[in-house]
Each structure stands twice: as structure tokens, then as C-alpha cells.
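Chains as they are written, first to last, in numbering that gives the first Met the number 0: chain U, 0 to 253; chain Z, 0 to 163.
Glycine is no exception: its CB is placed at the ideal position from the N, C-alpha and C atoms.
One structure is given here, and the rest of the page talks about it.
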Amino acid sequence: MSDRTNPMPEADLHAYVDQRLDAARRAEVEAWLAAHPAEAERIAAYRKQNDMLQAMFDPVMDEPLPLQMHPQARRRSFAPLLRYAAMAGWMVLSGVIGWTLHGADAGKPAPMLAMARQAAVAHVVYTPEVLHPVEVGADQEAHLVKWLSKRLGAAVKPPHLRDVGYELVGGRLLPGNQGPTAQFMYQDTRGQRLTLYLSNKAADKGETAFRYAQEGKIGVFYWIDNGMGYALSGEMEKPALLRVANAVYQGLNP
Amino acid sequence: MDGLIAEHVPRLRRYARALTGDRTRADDLVQDTLERAWNKLHQWRRGSDIRAWMFSIMHNVFVNQIRQHQAATVALDDEALEVPVRATQTDGLEMRDLAAAIARLPVEYREVILLVGLEQLGYEEAAQVLGIPLGTVMSRLSRGRERLRALMAGATTPALRRVK
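Following this line, the structure appears as C-alpha cells:
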């Protein structure tokens, strides 16, 4: 493979393929390849392997998560059936929504799903907090509303969920992918917590139906209403969470 | 902590899809990996790379699955490589050929090529994930890429030695 008078270590050639060489060494490898056309062809083929692998499998990252992705949510005996049914359902659902939402842009990643993920992460980060679950408590609700509305650049207001058993704890400002986002936290009498995540920069404008995703043990309902993205996260069964999601929606659209 | 794991699910799914070549098998593999990860989270050392940790769990699950279903594996010898792969012109066909070629690579090569080329792990990181020495990563990478190239080109397979 390499010529005897002027060998190039195979490891360096692979490091070149994987773009792990510093500029100086890269230049040396390139000069060597220029003088060894057969080797250059081989290395170009390896680079193309990487490119094709990424082109072929990167889109998997943007596929909606199967409902049963979390193992502890599954029941051993009929879990596979449930899981496949859920996956099939997702494929149909996301196909339909993807088509209506994106139209010609159907191939692009779903920013709403990214928002749902962020909401789920924010949920698991802040709901276990005992001392500082929120930045501004419900006792200063007027201040909370004014502050978050100003930072998000849109009127935001926590809906009241007493009818479904949840009291507002307060809220906080969070960094999102496209700027500031907000999180309102609620709690029931047993201490079970829910969070409502709001993003003013939800990329899909317009109205959408509720969508559901599961991140770990956390269920997330997410939707867009009047240009604002909402994600309601909770560690509870889907029907119970849906009931709250409906109450949130009605609270926002009295 | 839950979020730490959840954050890596899309990447695990990408790797699993490439590794198994099958959507259902891949998501099953992810599912089993997550189950292990949740149960073993206390063993993960805080501050160490959780992504590498999760990929190594997936590697172990995958290898165990293969041991349990020997039929699904491709032996390290070259008997399975006799069917020539069609040489093609367009990208679409090349993609399909790539998928077919990946599926026919011995698992040891496939894992290294995917961890490095698709997941863009460093060589040391790949060694850590697979629990093998760095030198073995490099030799598998070298042989695997050449094998893949041969499969893609539809060339007759060069005589290769058994991988240690």
C-alpha cells in the first residue's frame, strides 16, 4: 500500500479521513497523497464512506420518538406489540402532521419536537428542586407575568389549573435554542409537579393539534397557539396529562 | 439525571439503525439499552462522558443479542462475501449498496466504522466504548474501510486474515 522509500502511517491516513489532523500534518498528508494517486483514490473512497453514512443515517435523529421509548413504561408481556403499534401510530401521525405543517419542507427536522425535548429536560432539571423550584413565586404573579412577557417579547400568562387540581408554584426564565423561553411550574396537593414551557420562537407558525412525546419518564404534550409554542410536561400517564393539557388550552383561550 | 440520558436517545437511534439496518430491531436495541442505562445510572461516574458510556452499554447489549441469535451474524471469515455487489452510477443506488455492504461487514468492523465515521467518536473514545485497545480500533478501521470499499466496488474480496 505505502511506498517503501517514503511511507505514510496508515493511522495518519485515517486521521486525515476523519479530519483529526492539525493543519500542518494535514498539509503533509495532502502533499503525500498528491504524489501517490492510488492511495489518494483509496482515501477519497473512505471519506466518501463517511459522507454517505452521515447522509443516510442523520435523518434518523429527527424522527419522532416512539411513545414507548422509555423502558420502565413498558409491560414485559405485551410490550413489543404495544411498542410497534405505537411506532406505527407515530409514523402515520407524524406523516400527516409533517405534511400539513411543513408542506414542501417536509424533509427538514421538526423544531417543535426539539422544543418538546427542551421542555422535558427543563422539567427534570427543575421539578425536583426543593429550595429553588422557581425564580419568581406565585405570590408575585403580577411581577412574574410582566417580567416574562417582557423577556419573551410577547404577552405570557400562566393559566389557572385549580379546576384540575394544580396550583401555580411560580415561573422562571430559561435559555432556548432561539432565545428566551419561560417555564411555569404547578403542583397538586400531593406534591406532584407539572411544568408548562413557553417559546415565542416556535418555528412552525399557525395552529397545530396537540402532539405527544415521551422523554424518559416524562410525558410531553406540545402544541402551537397564536404563534406561541407550548409544552406541558409531567411524570404521569398520558390520559391524566391530556386532561391537564386541555385545561391549559382552555385557560389560555377563555 | 433523566434528561442526561434522554438527550442522547436520538444519537443512539441513529447508531442502532446503521448497526442493525432495520428500524424495528434498532428501536428494540435502543429500548434495551435505555433500560440498562436507567438501571445502571448509579454506576456512571459523574463527569465522565455519558455518551461514551451509553454507546458502550449499547455495544454490550448488541453483542449479547448476537450471541443469542448466532444465525443473525456474519462470520468473520469471508464465505458470506461471495455475492458481488452491483456497481452503480447514481447516489440513490449507491446508498442502497452502502446499506447492503454495511450489513455484510463483520460486526467488529461495522461497529468501529460507524462509531468513528458516523458518530464521529475519537479513536480513544471508540476503544473505550468497545473495550478494546486503541491499536485494535485502528486495525479494524483500516481493514473494515478497505472491506467496505471492496464491497461497494463489487470487487472480489481480497484474502483477509481473521481479526483478533
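Element boundaries [alpha helix (DSSP H), containing residue i]
i, result
"Z:P9", "V8 to T19"
"U:Y248", "K237 to L251"
"U:K45", "It should be noted that the sequence gives Tyr, not Lys, for residue 45 of chain U. Taken as a continuous stretch (DSSP letters only), the alpha helix (DSSP H) holding U:Y45 covers P36 to F56."
"Z:F54", "I49 to Q67"
"Z:Q30", "R22 to K39"
"U:Y211", "First-last for U:Y211: R210 to E214, but that is the beta strand (DSSP E), not the alpha helix (DSSP H)."
"U:V16", "E9 to V16"
Alpha carbon of residue i to alpha carbon of residue j, nearest angstrom
i, j, result
"Z:P9", "U:F56", "11 Å"
"U:A113", "U:P58", "14 Å"
"U:Y248", "Z:A5", "27 Å"
"Z:I49", "Z:G121", "14 Å"
"Z:V62", "Z:L133", "19 Å"
"Z:R142", "Z:A99", "18 Å"
"Z:W43", "Z:S55", "12 Å"
"Z:L167", "U:L231", "Nothing can be reported for residue 167 of chain Z: it is not among the residues displayed for chain Z, which extend from 0 to 163."
"U:Q53", "Z:D31", "24 Å"
"U:R75", "U:E236", "Any answer about U:R75 is weak, because its pLDDT of 36 lies below 50 and its placement is not dependable; what the coordinates show is given next. Answer to the nearest angstrom: the Cα atoms are 17 Å apart."
"U:A43", "U:Y15", "10 Å"
"U:L12", "U:A22", "14 Å"
"U:N252", "U:N225", "10 Å"
"U:L100", "U:Y211", "For U:L100, the predicted structure reports a pLDDT of 31, less than 50, and the residue's modelled location is therefore unreliable. The matter cannot be settled from this model."
"U:Y83", "U:A154", "Note that U:Y83 scores 47 on pLDDT, short of 50, meaning its location in the model is unreliable; the coordinates nonetheless yield the value given after this. Whole-angstrom Cα-Cα distance: 41 Å."
"Z:R95", "U:L172", "47 Å"
"Z:L11", "Z:V29", "6 Å"
"U:Q186", "U:H142", "20 Å"
"Z:T87", "U:R25", "With a pLDDT of only 40 at Z:T87, under the threshold of 50, the placement of this residue in the model should not be trusted; the figure read from the coordinates follows. Taking the straight line joining both Cα atoms gives about 31 Å."
"U:Y229", "U:E214", "16 Å"
"U:D61", "U:V163", "34 Å"
"U:A191", "U:A118", "The sequence shown places Gln at residue 191 of chain U, rather than the Ala named in the question. When rounded, the distance between both Cα atoms is 17 Å."
"Z:L40", "Z:V115", "25 Å"
"Z:R22", "Z:Y14", "11 Å"
"U:P36", "Z:D26", "42 Å"
"Z:E124", "U:H131", "37 Å"
"U:F183", "U:L195", "5 Å"
"U:A121", "U:M111", "15 Å"
"Z:E34", "Z:V60", "10 Å"
"Z:G153", "U:L20", "31 Å"
"U:M193", "Z:R139", "Before going on, a small fix: residue 193 of chain U reads as Leu here, not Met. If you take the alpha carbons of U:L193 and Z:R139, they lie about 49 Å apart."
"Z:V106", "U:R116", "32 Å"
"Z:G20", "Z:I131", "24 Å"
"U:W31", "U:P63", "45 Å"
"Z:W52", "Z:I112", "18 Å"
"Z:L104", "U:T188", "57 Å"
"U:E27", "U:Q18", "13 Å"
"U:P127", "Z:S47", "23 Å"
"U:A10", "Z:L18", "24 Å"
"Z:I101", "Z:R144", "10 Å"
"Z:H7", "U:A34", "42 Å"
Residue range of the beta strand (DSSP E) that includes residue i
i, result
"U:V124", "Unbroken run through U:V124 is the alpha helix (DSSP H), P110 to Y125; no beta strand (DSSP E)."
"U:T180", "G178 to Q186"
"U:G226", "Neither: U:G226 is in no beta strand (DSSP E) and is coded neither H nor E."
"U:E166", "E166 to G175"
"U:L20", "No beta strand (DSSP E) holds U:L20; DSSP gives it neither H nor E."
"U:R192", "R192 to S198"
- Query: In chain order, which continuous runs of the alpha helix (DSSP H) of length 4 or greater are located wholly inside the stretch 129-159 of chain U?
  - Reply: For the stretch 129-159 of chain U, whole alpha helix (DSSP H) runs of length 4 or above, ordered along the chain, are 140-151.
- Using a Cβ-Cβ cut-off of less than 7 Å, list which residues of the stretch 33-66 of chain Z approach chain U; keep chain order. L33, E34 and W37
- Scan the stretch 112-162 of chain Z and note each continuous alpha helix (DSSP H) run of 4 residues or more that stays entirely inside, going in chain order. 122-129 and 133-152
- Task: Check whether the stretch 212-232 of chain U touches the stretch 158-173 of chain U, counting contact only when three or more Cβ pairs, one atom from each stretch, lie closer than 8 Å.
- Result: no
- Item | the stretch 44-62 of chain U / the stretch 128-148 of chain Z touching (three or more Cβ pairs under 8 Å) | yes
- Item | Three or more C-beta pairs below 8 Å linking the stretch 167-183 of chain U and the stretch 193-201 of chain U | yes
- Query: Which residues, in order along the stretch 115-131 of chain Z, keep a beta-carbon less than 9 Å from a beta-carbon of chain U?
  - Reply: The residues in question are V115, G116, L117, Q119, G121 and Y122.
- Query: Using 8 Å as the Cβ pair cut-off and three pairs as the minimum, do the stretch 236-247 of chain U and the stretch 135-150 of chain U touch?
  - Reply: no
- Query: When you check each C-beta in the stretch 37-54 of chain U against every C-beta of chain Z, which residues fall closer than 8 Å?
  - Reply: R41, A44, Y45, Q48, N49, M51, L52, Q53 and A54
- Given a limit of 8 Å on CB to CB distance, which residues of the stretch 214-228 of chain U reach chain Z? E214, G215, K216 and I217
- Message: Tell me which residues of the stretch 2-21 of chain Z have at least one Cβ-Cβ distance to chain U shorter than 7 Å, keeping chain order.
- Response: G2, I4, A5, E6, V8, P9, R10, R12, R13, R16 and A17
- Query: So, do the stretch 124-139 of chain U and the stretch 163-172 of chain U have three or more beta carbon pairs nearer to each other than 8 Å?
  - Reply: yes
- Message: Which residues of the stretch 152-186 of chain U have a Cβ closer than 7 Å to any Cβ of chain Z? Give them in chain order.
- Response: For the stretch 152-186 of chain U, no residue has a beta-carbon sitting nearer than 7 Å to a beta-carbon of chain Z.
- Query: At a Cβ cut of 7 Å, what residues of the stretch 136-150 of chain Z count as close to chain U, listed as they run along the chain?
  - Reply: M137, L140, S141, R144, L147 and R148
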